[in-house]
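J.: Residue numbers (our numbering): 152 to 600. The beta-carbon is built from N, C-alpha and C at its ideal position, and this holds for glycine as well.
Below, the structure is given as structure tokens:
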């Protein structure tokens, strides 16, 4: 039973269906989505509760399609008066926009009226007492670590729980709903020595409580990262191999996926134009998408248009096999939707090249830079030119020598993708993306002159 929700899936389906029915009576086709979330958070520091929060949100959005025009409006209310008002507003907006033949509902036969619905909700304990116990357990583990190392100070430890409902209805008779859960824990650790201070955190996020990292491991990881960052200094400018740890490596996978979205493709704002069938990355790389992973953080039985995704290869041996398309972007490209109106589902980067755990990846790096944090930069979506200020570690002979700060990395995304030598077995999940560390053979490091 839900600890945080005050509405039911039936309530949301009824509200979405009513909005669509009212739009149809006004002469339009329509799609309505309704959401409701409950959220709780407790933060503890040095034995004291710093934050205790309980909140909720809800909303209904409708998009109408009338005489080749599209209009959208939203409301926080589920009552009939609020729904009638938001439908009128959407119809009014549609009357003032330019017609677009590609702005229409998807074909009815493409909708997932039935089909697999991955498990997205775990009936885990999420009461305030449970969250308080979790935050205090991490705080106690933090205190034990701090007592053994005078360079460390405790930051906050946080336990968060979210439960949500979502329903979608269309004028083609589609009406389905889902229930979702999300549990998160994180710990912040501060470190200081004669050369300065730094901080680091470790986070664990899952759809059920018992899958989260244990408090002792989570706080120990945060402490290790904080200690590791002490004594950071810059390095001379040079070219060298670069190893992205799993957290920063996931950003590179996200950049690749972003270049393969329908929006980037039809707007000609992708550094991988017309990519289907092209080799765009090292030939040992595969990128796989799975919408149906049970309790996956980016799983779903259908997207916000009602279309299901499918387990598939996006890259196979470095060659692009798939794009991420909505109905609209697909039509612009003369292709069908892939069920990705809301972005990509669970992605995993794999490699057939030799690799190993974190220590093995350091040894493969040899002498070069490890990137542990991005501090700001940009990727030009059209050219792929890539620049980032980073923090990290300098490695010689496969061993960490010192922490690094005040350096920049510069390259080009196509060159980076083809220059990937290995993907580590130290796999972590960051939201929708799973990858191990990524080793790139050669990049330009900008440091002191």
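The beta strand (DSSP E) that contains residue 350, what's its start and end?
T.: The sequence position of residue 350 within the chain shown is 199, counting from 1. Taken as a continuous stretch (DSSP letters only), the beta strand (DSSP E) holding residue 350 covers 347-357.
J.: Opposite residue 317 in the DSSP bridges: which residues?
T.: In the chain shown, the residue the question calls residue 317 occupies position 166. In DSSP, residue 317 forms a bridge with 186 and 329.
J.: For the putative contact between residue 655 and residue 543, defined by C-beta atoms under 8 Å, what is the C-beta separation to the nearest angstrom?
T.: Residue 655 is absent from the structure shown; the chain starts at 152 and stops at 600.
J.: Quick one: grab the DSSP three-state call for residue 468.
T.: Translated into positions along the chain shown, residue 468 becomes position 317. In the structure shown, residue 468 sits in coil (DSSP, three-state: anything other than H, G, I, E or B).
J.: At what residues does the alpha helix (DSSP H) containing residue 366 begin and finish?
T.: The sequence position of residue 366 within the chain shown is 215, counting from 1. Run containing residue 366: 366-379, per the alpha helix (DSSP H) assignment.
J.: Which of the three DSSP states, helix, strand or coil, is assigned to residue 498?
T.: Start at 1 with the first residue of the chain shown, and residue 498 comes out as number 347. The answer is strand: DSSP assigns residue 498 an E or B state.
J.: Please name the residue in 525, 243 and 283 whose C-alpha comes closest to that of residue 214.
T.: Position 63 of the chain shown, counting from 1, holds the residue named residue 214. It is 243.
J.: I need the straight-line Cα distance from residue 321 to residue 256, nearest angstrom please.
T.: Indexing the chain shown from 1 puts residue 321 at position 170. Indexing the chain shown from 1 puts residue 256 at position 105. C-alpha separation (whole angstroms): 9 Å.
J.: Assuming contact is defined by CB atoms lying nearer than 7 Å, are residue 445 and residue 460 in contact in what I supplied?
T.: Reading the chain shown from its first residue, position 294 is the one you call residue 445. Reading the chain shown from its first residue, position 309 is the one you call residue 460. Contact flag unset, no.
J.: Does residue 401 come out as helix, strand or coil in the three-state DSSP assignment?
T.: Within the chain shown, numbered from 1, the residue matching residue 401 stands at position 250. Residue 401 falls in the helix class under three-state DSSP.
J.: So, at 6 Å on beta carbons, what are the nonlocal neighbours of residue 197 in its own chain, with the 5 sequence-adjacent residues on each side left out?
T.: As a first step, residue 197 must be located in the chain shown, where it is residue number 46. Closer than 6 Å at Cβ, skipping near neighbours: 305.
J.: Exposed or buried, what is residue 519 when buried is set at 16 or more other beta-carbons lying within 10 Å of its beta-carbon?
T.: Within the chain shown, numbered from 1, the residue matching residue 519 stands at position 368. With 16 or more Cβ atoms within 10 Å of its Cβ, residue 519 is classed as buried.
J.: To which residues of the same chain is residue 563 closer than 7 Å at the C-beta, ignoring the five residues directly before and after it?
T.: Here residue 563 refers to the residue found at position 412 of the chain shown. Residues of the same chain with a CB within less than 7 Å of the CB of residue 563, apart from the 5 flanking positions on each side, are 535, 536 and 537 in chain order.
J.: Exposed or buried, residue 510, counting other C-beta atoms within 10 Å across all chains shown (16 or more means buried)?
T.: Here residue 510 refers to the residue found at position 359 of the chain shown. Exposed, since its Cβ has fewer than 16 Cβ neighbours within 10 Å.
J.: Would you give the residue range spanned by the beta strand (DSSP E) that residue 392 belongs to?
T.: The count along the chain shown starts at 1 and reaches residue 392 at position 241. Looking at the DSSP string, the run of the beta strand (DSSP E) that includes residue 392 is 389-395.
J.: Does the segment 367-375 come within contact of the segment 485-492, defined as at least 3 CB pairs closer than 8 Å?
T.: no
J.: Going along the chain, which residues of its own chain have a beta-carbon closer than 6 Å to the beta-carbon of residue 539, five neighbours each way excluded?
T.: Against the chain shown, residue 539 aligns to sequence position 388. 525, 528 and 560, listed in sequence order.
J.: Apart from the five residues on each side of it in sequence, which residues of its chain come closer than 6 Å, Cβ to Cβ, to residue 189?
T.: Counted from its first residue, the chain shown places residue 189 at position 38. Short of 6 Å from the beta carbon of residue 189, and not among the five residues preceding or following it, lie these beta carbons of its own chain, in chain order: 155, 156, 207 and 314.
J.: Can you tell me which of 514, 500 and 515 puts its alpha carbon nearest to the alpha carbon of residue 578?
T.: For the purposes of this step, residue 578 is taken as residue 427 along the chain shown, with counting starting at 1. It is 500.
J.: Between which residues of its own chain and residue 201 is the CB-CB distance below 8 Å, once the five residues before and five after are set aside?
T.: One-based indexing of the chain shown puts residue 201 at position 50. 194, 195 and 307, listed in sequence order.
J.: Out of 547, 584, 506 and 552, which has the shortest C-alpha to C-alpha gap to residue 575?
T.: As a position in the chain shown, residue 575 is number 424, starting the count at 1. Nearest of 547, 584, 506 and 552 to residue 575, Cα basis: 506.
J.: Ends of the alpha helix (DSSP H) at residue 594?
T.: Against the chain shown, residue 594 aligns to sequence position 443. Looking at the DSSP string, residue 594 is not in any alpha helix (DSSP H); the run it does join, the beta strand (DSSP E), is 589-597.
J.: Quick check on residue 382: does DSSP put it in helix, strand or coil?
T.: Counted from its first residue, the chain shown places residue 382 at position 231. DSSP places residue 382 in coil when its eight states are reduced to three.
J.: Could you give the residue range of the alpha helix (DSSP H) that holds residue 213?
T.: Against the chain shown, residue 213 aligns to sequence position 62. In the DSSP annotation of this structure, residue 213 is not part of any alpha helix (DSSP H); the continuous beta strand (DSSP E) holding it starts and ends at 199-217.
J.: What are the start and end residues of each continuous beta strand (DSSP E) run of 3 or more residues lying completely inside the segment 411-491, in chain order?
T.: 436-441 and 463-467
J.: Can you tell me which of the three DSSP states residue 154 falls into?
T.: Along the chain shown, one-based indexing puts residue 154 at 3. Three-state DSSP puts residue 154 in coil, outside helix and strand.
J.: Okay, do the segment 465-481 and the segment 295-302 touch, 3+ Cβ pairs below 8 Å being the bar?
T.: no
J.: Let me check understanding here. Comparing Cα to Cα, which of 593, 171 and 250 lies closest to residue 389?
T.: The sequence position of residue 389 within the chain shown is 238, counting from 1. Among 593, 171 and 250, the Cα nearest to that of residue 389 is on 593.
J.: For residue 584 and residue 404, what's the separation of their Cα atoms in angstroms?
T.: Here residue 584 refers to the residue found at position 433 when the chain shown is read from its first residue. Here residue 404 refers to the residue found at position 253 when the chain shown is read from its first residue. Taking the straight line from one Cα to the other gives about 7 Å.
J.: Once DSSP output is grouped into helix, strand and coil, what is the label at residue 262?
T.: Against the chain shown, residue 262 aligns to sequence position 111. Coil at residue 262, not helix or strand.
J.: Excluding the five sequence neighbours on either side, which residues of its own chain have a C-beta within less than 7 Å of the C-beta of residue 263, listed in chain order?
T.: Position 112 of the chain shown, counted from the first residue, corresponds to residue 263. Within the same chain, residue 263 has close Cβ partners 452, 453, 457, 458 and 459.
J.: Hey, how far is the Cα of residue 272 from the Cα of residue 163?
T.: Along the chain shown, read from residue 1 onward, the residue named residue 272 stands at position 121. Along the chain shown, read from residue 1 onward, the residue named residue 163 stands at position 12. Roughly 17 Å separates the two Cα atoms.
J.: Among residues of its own chain, excluding the 5 on either side of residue 166, which ones have a beta-carbon nearer than 7 Å to its beta-carbon?
T.: Counting from 1 along the chain shown, the entry for residue 166 is found at position 15. For residue 166, where only same-chain residues beyond five positions count, the Cβ hits under 7 Å are 185, 211, 229 and 234.
J.: If you follow the alpha helix (DSSP H) that residue 173 is in, where does it begin and where does it stop?
T.: Counting from 1 along the chain shown, the entry for residue 173 is found at position 22. That run of the alpha helix (DSSP H) goes 160-176.
J.: Taking buried to mean at least 16 other C-beta atoms within 10 Å of its own C-beta, is residue 323 buried or exposed?
T.: Residue mapping note: residue 323 aligns to position 172 of the chain shown, counting from 1. Flag for residue 323 reads buried.
J.: With C-beta atoms as the reference, is residue 355 less than 7 Å away from residue 369?
T.: The count along the chain shown starts at 1 and reaches residue 355 at position 204. The count along the chain shown starts at 1 and reaches residue 369 at position 218. Result yes, Cβ atoms of residue 355 and residue 369 sit closer than 7 Å.
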